[in-house]
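Note sheet for the following structure.
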Amino acid sequence: MHLKSLTVKGFKSFANATTLRLEPGITCVVGPNGSGKSNVVDAIAWVLGEQGAKSLRGGKMEDVIFAGTTGRPPLGRAEVTLTIDNADNALPIEYTEVSITRRLFRTGESEYEINGDTCRLLDIQELLSDSGIGRELHVIVGQGQLDTVLHAKPEDRRAFIEEAAGVLKHRKRKEKALRKLDAMQANMTRVADLTSELRRQLKPLGKQAEIARRAAGIQADLRDSRLRLLADDLNTLRSTLHREVADETALRERREIVEAEYTEHSERLAELEAIIAADAPALARAQETWYRLSALQERLRSTGQLAAEKLRYLSTEPANERPGRDPDELEAEAGKVRDQENALREALAVDETRLKESVAGRQELEARLREAERALVVAAKAVADRREGMAKLTGQVEAVRSKAAAAADELERLADGLNEARIRAEDAAYELAEAQGEGHEADSGDADLDERFQAAQHAAEQAKATVVELTNSERTAEREVSAWKARGEALELGLRRKDGAGALLAATDRTPGLLGSVVALLTVEPGYEAALAAALGVLADAVAVDSVDAAVAAISLLKESDSGRAAMLVHQETSGPLGGRDDLVLPPGARWASDVLHAPDGLRRALAKVLRDVVFVADLASARALLVDHPELTAVTADGDLLSAGQAAGGSGSAPSYLEVQAAVDEARQRRVEFEIQISELAGKLENARAELVHRREVVAEVTAAKREADTLRNAIHRRMAELGAAARSAQGEVDRLATSREKVEAAREHDLIRLADLEERLQAVLDAPMEEEPSTEERDWLIAEAQTARQAEMELRLSVRTAEERVLALSGRADGLARQARGEREARERAEARRHAREHAARIATAVSGATTVVLDW
47 MHLKSLTVKG
57 FKSFANATTL
67 RLEPGITCVV
77 GPNGSGKSNV
87 VDAIAWVLGE
97 QGAKSLRGGK
107 MEDVIFAGTT
117 GRPPLGRAEV
127 TLTIDNADNA
137 LPIEYTEVSI
147 TRRLFRTGES
157 EYEINGDTCR
167 LLDIQELLSD
177 SGIGRELHVI
187 VGQGQLDTVL
197 HAKPEDRRAF
207 IEEAAGVLKH
217 RKRKEKALRK
227 LDAMQANMTR
237 VADLTSELRR
247 QLKPLGKQAE
257 IARRAAGIQA
267 DLRDSRLRLL
277 ADDLNTLRST
287 LHREVADETA
297 LRERREIVEA
307 EYTEHSERLA
317 ELEAIIAADA
327 PALARAQETW
337 YRLSALQERL
347 RSTGQLAAEK
357 LRYLSTEPAN
367 ERPGRDPDEL
377 EAEAGKVRDQ
387 ENALREALAV
397 DETRLKESVA
407 GRQELEARLR
417 EAERALVVAA
427 KAVADRREGM
437 AKLTGQVEAV
447 RSKAAAAADE
457 LERLADGLNE
467 ARIRAEDAAY
477 ELAEAQGEGH
487 EADSGDADLD
497 ERFQAAQHAA
507 EQAKATVVEL
517 TNSERTAERE
527 VSAWKARGEA
537 LELGLRRKDG
547 AGALLAATDR
557 TPGLLGSVVA
567 LLTVEPGYEA
577 ALAAALGVLA
587 DAVAVDSVDA
597 AVAAISLLKE
607 SDSGRAAMLV
617 HQETSGPLGG
627 RDDLVLPPGA
637 RWASDVLHAP
647 DGLRRALAKV
657 LRDVVFVADL
667 ASARALLVDH
677 PELTAVTADG
687 DLLSAGQAAG
697 GSGSAPSYLE
707 VQAAVDEARQ
717 RRVEFEIQIS
727 ELAGKLENAR
737 AELVHRREVV
747 AEVTAAKREA
757 DTLRNAIHRR
767 MAELGAAARS
777 AQGEVDRLAT
787 SREKVEAARE
797 HDLIRLADLE
807 ERLQAVLDAP
817 MEEEPSTEER
827 DWLIAEAQTA
837 RQAEMELRLS
847 VRTAEERVLA
857 LSGRADGLAR
867 QARGEREARE
877 RAEARRHARE
887 HAARIATAVS
897 GATTVVLDW
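FYI, the numbering used here numbers position 123 of the sequence shown as 169, with every residue one higher than the one before it.
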C-alpha cells in the first residue's frame, strides 16, 4: 500500500486544482522557503481527519481555505482528495484504489467522501486505523516531533505503541461506550426518581382528574343525548306534520272528485234501472228461448261429430289383424322336432353309461396309485428316520458333552466370583454401619437449626405483616388526605361569590376597611351551622367591614360597577355584650345563638346584637314551647326552621348556606391535617418496621444458609448411606445369586452326565443295527401312466355327454310350443273374422247418423 496521488484545491496556497502523482518508494519535495512544501504535508494530515487548527499551523479551521491575494479573490471552500493504492488489500475495503476526500466551506460545514460516497469522519478513522495510519497515528512526523517521541515518558511511549498496534480504535470505542453507559445510568436514575415522585403526586391528582373527566364526559354525553333526542323529536314531528298536511290536502281533493263522480253515476244508475225495469219481462222470455235453442244446437253438433269420428275409426283397418303362419305347417314341424328329441335322448343314455364305467375304472387306478405311493413314502421315511436319528443322536451326544465341559468351567468361575462377592459384601456392610452413625449424628444436630429457622421465619412474617399493615394504613391515610383535600377544594369552589359580596371580596384593593366574608371570620360549633344560617338570614352571606364609612364606600363601589347588592356587617369597636341575655333562663337543651359561635370581639359584638333574641332549640316542639313562655324571642331548630311570634320559616330541600359550606371546608381542612399527621407518624413507624423486616430477613438468610449447609451435609451423608446400602445389597444379592447359580450349574452338570451316558448307549445301538435298501418305483410309474390314460378317456366322454345334454335341452319343449302356436293361430283368425263383421255394421249406422245431423243443422 502506498500513496498514489494527492489532489489539492483551495487549500492554503493551492488556489487552483493541483494533482501530485506519487510513485512507490521515497518522494522528496524540494523548494525554497514559503513555496508550500509544508502545505503538502498539512493537506495529507487534514484529509486523514486532523481536527486541530494549531497542528495545521493556523489559528482556526477556516485558515486552511485559500484567503486570496492582491490579484485573486478568496475561495469559499477547501478540498483535498488522497488516493491510496490498495492492491495488497491493506485497507479493509473491496477496492484496489481508495480515494478519501475532505471538503470544508467557509460557513463551517464539512463533507467527507470515500470513493465518491458520502460518509462520516468516524468511518474514515476506523478505515485507516486498521492499516496503521490516520489522524491520531504517528505516520506523519513534523518538525520537532521526532525529539518529542525520543524523549517521551513511558506512558506516552505506551500510547505511541498502542496507536501503532491499532489498539487506540478499540480504546476509543470502549471509552465512548462507557460514557454512554454512565450517561444512560444517570438518565435512568433521574427517570426513576422522577417516575416515583410523579407517581406519588399523580395518585390523588389522577383520581380527581378521573372523577372530573368522567363527570365532564357524562355531562357532555347527557347534553349531547338530550340535544339529539330533542332534534330527533323535532324532525319526527316536522316530518309527521308535513306528511299529515299533504295527506289531508290530497284526501280533500280526492273527496271532491269522488263526490262529483258519485253524483253523476247515481243519476245514470237511476236511468238504467228504470229502463231495465220496463224491459225486464220480454228480456227474460227471449233469454230463456235462446238458451234452449243453443243447448239443442250443441247436442246435435256433438252427435254429428261423434258419428263422423266413429265412421273414420271404423273405416281404418286394424294393424294387428294380419294373418300369421299356417297352423298345419306348425303341427308338421312340431312332429319332426319331437322325433329328433327322442333320438338324442337315446344317444345321451348310451354316453352316460359309458361315462360311469370310465369313472369307475379311473377311481380304481387312482386308489391303487395312492396305495403304492403310500408304501413308497413309508419305506423312504423309515430310511430317512434312521439316518436322521443317527444324526440327531450324534449331535446330542456332542452337545451334551460340550455342555458338561462348559458347566465345569462355569463352576470354577462361579466359585471365584462367589469368594470376591463375599469380600465386597463384608466391606460394604462395614462402611454402611459407619455412615449410619454419621447420619444419626447429623439428624440430631438439625433439630436445633429447624427450631431456629421456624422462629426466624415466623418473626420475619410478623415483621412483613407489620410492614404491609403500616403500608396499607399509610396508603389509606394518603387516600383520605387526597379525598379531604379534593373535598375542601370543591367546597372552596362553592364559596366563590358571584354576587355583590363576591365583587367586593374580589376588589379588596378598591374597598378600604373590608375585613372579609363573615363565614370566613367566624367558627360555629358543629351541628349549629344550619340554625345559625337561618338566624342570620342574608347576613350569613354578608361581608364584614370595620366601619360605617367603609360600608358606605362599598355600597358606592357596587353601584358604580353595577355589581349587584351585598349585605354587610359593621365591626363594633365599642363595648357591648358578647353573649346572650342574662335576664332570662333558657329551658334545658336551648342555647343562645351568640354562644355557639366564635369570632373576633368586634365582629362577635355585631353578631350578638343581631342575634340578641335568637335561641337555638332541638326541634319545632321545643321552639313552640319556648315561644309560649317568651313570645319576644325567636326560636331556631337545628334543621334551620325559624319560629317567632311574628314570622316563621322552614321546610325541606334547601341548599346548603355559605355558613354550612364554610364549616364543611373547615372540617375538610382539619381532617386533612389530622390524616397528614397520621401519615407522618405512620412513616416513622413504617421506617422502623422496614428496618426490623430487613433485620429479620437477614436472620432468616443466615439461618437458611446454615440450614442449607447442614441439609447439604446431611443429604451427602444420606446419599452416601443410600449408595453404600445399595452397594451392600448388591454385593449380598450377588453372593446369593452366585450361590444359587452354582447349585443350579452343579445340578445341571449331573443331569447332563447322566443324559450323555444314555445318548452314547442309544447311538451305539443304532450303529450296530443293519441298514435297509431303497424301495422300487416301477409299479408306481406304471399306475401313474394308466391313471393318466383313464382320466383322458373320462374327459372325452364327459364332453360328449355334455354336448348331448345341451342339444336335448335345446330341443326340449320346442314341439309342444309349436303345437300351442298352431292352436293360437287358428283361434286368432276366428276372432279377427268376427270383429270385421261388427265393424262393417257399426260403420253403416254411423254413416246414417252423420247424414241426418247435417240435414237438421242446415235446416
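Ideal Cβ placement from N, Cα and C applies to all residues, glycine included. Remember, predicted model here, so these are calculated numbers, not experimental data.
Inter-residue spacing [alpha-carbon to alpha-carbon] between residue i and residue j
i       : j       : result
Ala-316 : Ala-292 : 36 Å
His-216 : Glu-208 : 10 Å
Gly-162 : Glu-143 : 12 Å
Leu-352 : Arg-882 : 21 Å
Glu-313 : Trp-336 : 32 Å
Asn-233 : Gln-265 : 42 Å
Arg-470 : His-764 : 21 Å
Gln-343 : Gly-863 : 58 Å
Lys-790 : Ala-773 : 25 Å
Lys-544 : Asp-608 : Its pLDDT being 45, under 50, Lys-544 is placed unreliably by the model, and the measurement read from it follows with that caveat. Roughly 13 Å between the two C-alpha positions.
Glu-842 : Thr-399 : 14 Å
Arg-866 : Asn-388 : 20 Å
Val-87  : Leu-244 : 59 Å
Arg-611 : Ser-640 : 26 Å
Tyr-574 : Thr-557 : 31 Å
Ala-894 : Ala-320 : 53 Å
Ala-752 : Gly-483 : 22 Å
Ser-156 : Val-54  : 16 Å
Arg-289 : Arg-331 : 58 Å
Endpoints, alpha helix (DSSP H) assigned at residue i
i       : result
Asp-647 : 647-656
Leu-927 : An answer regarding residue 927 cannot be provided, because it is not within the stretch 47 to 905 covered by the chain.
Leu-672 : 666-675
Ala-613 : Neither: Ala-613 is in no alpha helix (DSSP H) and is coded neither H nor E.
Ala-99  : Note, Ala-99: premise wrong, no alpha helix (DSSP H); not H, not E.
Leu-582 : 575-582
Residue span of the beta strand (DSSP E) that contains residue i, given as start and end
i       : result
Lys-55  : 48-55
Val-565 : Run containing Val-565: none in the beta strand (DSSP E); it sits in the alpha helix (DSSP H), 564-567.
Ile-130 : 123-131
Arg-601 : The residue asked about is misnamed: residue 601 is Ile in this sequence, not Arg. Per DSSP, Ile-601 belongs to no beta strand (DSSP E); it is in the alpha helix (DSSP H), 594-607.
Val-589 : 589-591
Ser-156 : 156-160
Ser-84  : Taken as a continuous stretch (DSSP letters only), Ser-84 belongs to no beta strand (DSSP E), being part of the alpha helix (DSSP H) at 83-93.
Ala-639 : Counting along the chain, Ala-639 falls outside any beta strand (DSSP E), and DSSP gives it neither H nor E.
Ala-113 : Ala-113 -> no beta strand (DSSP E), and no H or E assigned at all.
Supposed contact pair residue j and residue i - C-beta distance, whole angstroms, cut 8 Å
i       : j       : result
Ala-667 : Ala-684 : With a Cβ gap of about 13 Å, Ala-667 and Ala-684 do not count as contacting.
Ala-509 : Glu-733 : Actually they do not touch by this definition, with Cβ atoms about 13 Å apart.
Leu-357 : Ser-896 : 6 Å
Where residue i falls: helix, strand or coil (DSSP)
i       : result
Arg-718 : helix
Ile-723 : helix
Ala-63  : coil
Phe-151 : strand
Ile-469 : helix
Glu-140 : coil
Ile-322 : helix
His-197 : coil
Asp-681 : As written in the sequence, residue 681 is Ala, which differs from the Asp given in the question. In this structure, Ala-681 counts as strand in the three-state DSSP scheme.
Ala-328 : helix
Ile-146 : strand
Gly-897 : helix
Ala-701 : Reliability fails at Ala-701, whose pLDDT of 48 lies under 50, so the model's placement of it is uncertain and the value that follows must be treated cautiously. Coil, per DSSP.
Asp-134 : coil
Asp-687 : coil
Leu-183 : With a pLDDT of only 49 at Leu-183, under 50, the local geometry of the prediction cannot be trusted, and the value read off the model is given with reservation. Note: Leu-183 maps to coil in three-state DSSP.
Within-8 Å CB hit, residue i to chain C
i      : result
His-48 : No chain C appears in the structure shown, which is made up of a single protein chain.
Discussion item. Across the region 139-152 and the region 84-102, are there enough close Cβ pairs to call them in contact, namely three or more that are closer than 8 Å?
Written reply: Three or more beta-carbon pairs drawn from the region 139-152 and the region 84-102 are found closer than 8 Å, and the two stretches are therefore classed as touching.
Discussion item. Contact between the region 718-729 and the region 515-527 is defined here as three or more beta-carbon pairs at a separation below 8 Å; is this criterion met?
Written reply: yes
Discussion item. When you compare the region 49-59 with the region 100-113, are there three or more beta-carbon pairs, one atom per stretch, that lie closer than 8 Å?
Written reply: Verdict: yes, contact present.
Fill in: Segment contact flag, the region 446-454 with the region 788-798, C-beta cutoff 8 Å, min 3 pairs
Between the region 446-454 and the region 788-798 there are three or more inter-stretch CB-CB distances shorter than 8 Å, so the stretches are counted as touching.
Discussion item. Can you confirm whether the region 580-590 touches the region 556-572 when touching is taken to mean that 3 or more C-beta pairs between the two stretches lie within less than 8 Å?
Written reply: Contact between the region 556-572 and the region 580-590 is present: 3 or more CB-CB pairs across the two stretches fall below 8 Å.
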